[in-house]
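Shown next, in structure tokens, is the structure this report addresses.
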Amino acid sequence: MFAVFTETPPPPRGYFARRRAQRFGAFPAVEEKRAGGALFYVIKSETGSLGRDWALVRDAAGDAAGRILFPRDVIPDPTYMVPCRPQALCDRLLLNAAVRALRMAHLLPARLKIALIDPSGVYAPLAGELLALTDNVYAVTQNAGRYDRLSDGWLANLGILPVVTKDRYYLDSVCAIIAPDGLDGLSVPENALLFSPKEFGGLFADTDCFTLPQPYLSALPPNISPADFGGALYEFCAVKALGNMAPGVLTDGIRRYTLRDLANRLADALSNPLNP
């Protein structure tokens, strides 16, 4: 469950009620809404002449007070709340996009060398998706046990296993690095593609990298980021089907790249005879 903040013009009121609302603000109206089968709340807030009473907004949200989506140009008083910016969906879609871009490069398995930086081992299932592309998958982790538990399935279905290691040596030869939680102090080889969230300096999925499918798009409240709304549905309402999407575009914070751009860039780099 989560809530969405919206601004609304004041309804008709009597003189004294109108003066009070103008001065102190009015208690926000709350409406139940659904996106598909997922329930969320819309908080409709008015502004008084002395500014918005953010305590009233917080109180109106009830149990969802810590999960309120705001338009990007609305900054609430941090004394009472901070905007909710769900990130798990964009992080999941980044991994989907990375796998798709690598697949689109159509490289010989012997040429495609991928590192998965996964200190905690939580992304071990992703190694299986990468093994479907190449037998050169290096999982750099401190928790080899999570990979060991999946090894029988990989051998039965794919006939190969990733190299599970703590050794940074393997990174020198890779052409792509997937680092969902950052590089853990490791360096990126020249010409290697780095897929990692924005704060870690890699290619990432931002708020404009994907379009919500129906019926969620038609339920999107005005002025709310599709990434925030989709992320809240994914994270707080268990709409896990959204995690199956793959954005068609990634960005490094400066330029935007289609997955075809990234696939071509990878193929061009590996066609260079100076590359191993």
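In terms of the numbering used here, the sequence shown is numbered consecutively and its last residue is 1326.
Ideal Cβ positions, reconstructed from N, Cα and C, are used throughout, including at glycine.
Query raised in the report: Roughly how many whole angstroms lie between the Cα atoms of L1367 and P1159?
Result: Outside the shown range of the chain (1051 to 1326) lies residue 1367, about which nothing can therefore be said.
**Report entry** Nearest to Y1130 (by Cα), restricted to the options A1138, L1205, L1106, L1143
**Finding:** As a first step, residue 1130 must be located in the sequence shown, where it is residue number 80. Looking at the Cα atoms, L1106 is the closest of the given residues.
Query - CA-to-CA distance, L1262 to G1087, given in whole angstroms - result: Position 37 of the sequence shown, counted from the first residue, corresponds to residue 1087. Position 212 of the sequence shown, counted from the first residue, corresponds to residue 1262. The C-alpha of L1262 is placed about 15 Å away from the C-alpha of G1087.
**Report entry** DSSP state of S1095 mapped onto helix, strand, coil
**Finding:** Your numbering for residue 1095 matches position 45 in the sequence shown. Strand, per DSSP.
Query raised in the report: Can the beta-carbon of L1270 be found less than 8 Å from the beta-carbon of F1279?
Result: By 1-based counting over the sequence shown, the position of residue 1270 is 220. By 1-based counting over the sequence shown, the position of residue 1279 is 229. A contact, by the Cβ cut-off of 8 Å.
Query raised in the report: Any idea if F1052 is buried or exposed, counting beta-carbon neighbours within 10 angstroms, 16 or more meaning buried?
Result: Position 2 of the sequence shown, counted from the start, is the residue given in the question as residue 1052. The residue is buried, with at least 16 neighbouring Cβ atoms inside 10 Å.
Query raised in the report: Under the DSSP definition of a beta bridge, which residues are partnered with L1166?
Result: Looking up residue 1166 in the sequence shown gives position 116. Paired residues: A1189, I1228.
Query - Residue from I1125, F1090, V1080, R1142 whose Cα sits closest to the Cα of D1231 - result: Counted from its first residue, the sequence shown places residue 1231 at position 181. Considering only alpha carbons, the answer is R1142.
Report task. Ignore the nearest five residues each way along the sequence and tell me which others in G1281's own chain have a CB closer than 6 Å to its CB. Result -> The residue you call residue 1281 lines up with position 231 of the sequence shown. The answer, listed in chain order, is P1136, L1139.
Requested in this report: Below 6 Å CB to CB, which residues in the same chain sit around D1256 once its five sequence neighbours on both sides are set aside?
Outcome: Position 206 of the sequence shown, counted from the start, is the residue given in the question as residue 1256. Once the five neighbours on either side are set aside, the close Cβ partners of D1256 are T1301.
Query raised in the report: Who are the Cβ neighbours of V1149 in its own chain at under 6 Å, not counting the five residues just before and after it?
Result: Along the sequence shown, one-based indexing puts residue 1149 at 99. Closer than 6 Å at the Cβ level, and outside the excluded window around V1149, lie E1179.
Requested in this report: Using the Cα positions of D1258 and G1303, report the straight-line distance between them to the nearest angstrom.
Outcome: Position 208 of the sequence shown, counting from 1, holds the residue named residue 1258. Position 253 of the sequence shown, counting from 1, holds the residue named residue 1303. Taking the straight line joining both Cα atoms gives about 12 Å.
Report task. Ignore the nearest five residues each way along the sequence and tell me which others in W1204's own chain have a CB closer than 8 Å to its CB. Result -> Taking the sequence shown and counting its residues from 1, one reaches residue 1204 at position 154. Excluding residues within five positions, the ones whose Cβ falls inside 8 Å are A1177, G1178, L1181, I1210, L1211, P1212.
Query - Beta-bridge partners of R1306, as assigned by DSSP - result: Taking the first residue of the sequence shown as position 1, residue 1306 is located at position 256. For R1306, which the question treats as bridged, DSSP gives the partners T1301.
Report task. May I ask you to list the residues that DSSP assigns as paired with E1082? Result -> Against the sequence shown, residue 1082 aligns to sequence position 32. Bridge partners of E1082: Y1091.
Query raised in the report: Out of T1058, V1054, D1168, which has the shortest C-alpha to C-alpha gap to G1112?
Result: Numbered from its first residue, the sequence shown carries residue 1112 at position 62. The residue with the shortest Cα to Cα distance from G1112 is V1054.
Query raised in the report: Which class does E1179 belong to by DSSP, given the choice of helix, strand or coil?
Result: Numbered from 1 along the sequence shown, position 129 holds the residue referred to as residue 1179. The DSSP-derived three-state label of E1179 is helix.
Query raised in the report: Taking the runs of the beta strand (DSSP E) that are 3 residues or longer, which of them lie wholly in the stretch 1205 to 1292?
Result: 1213 to 1215, 1226 to 1228, 1243 to 1245
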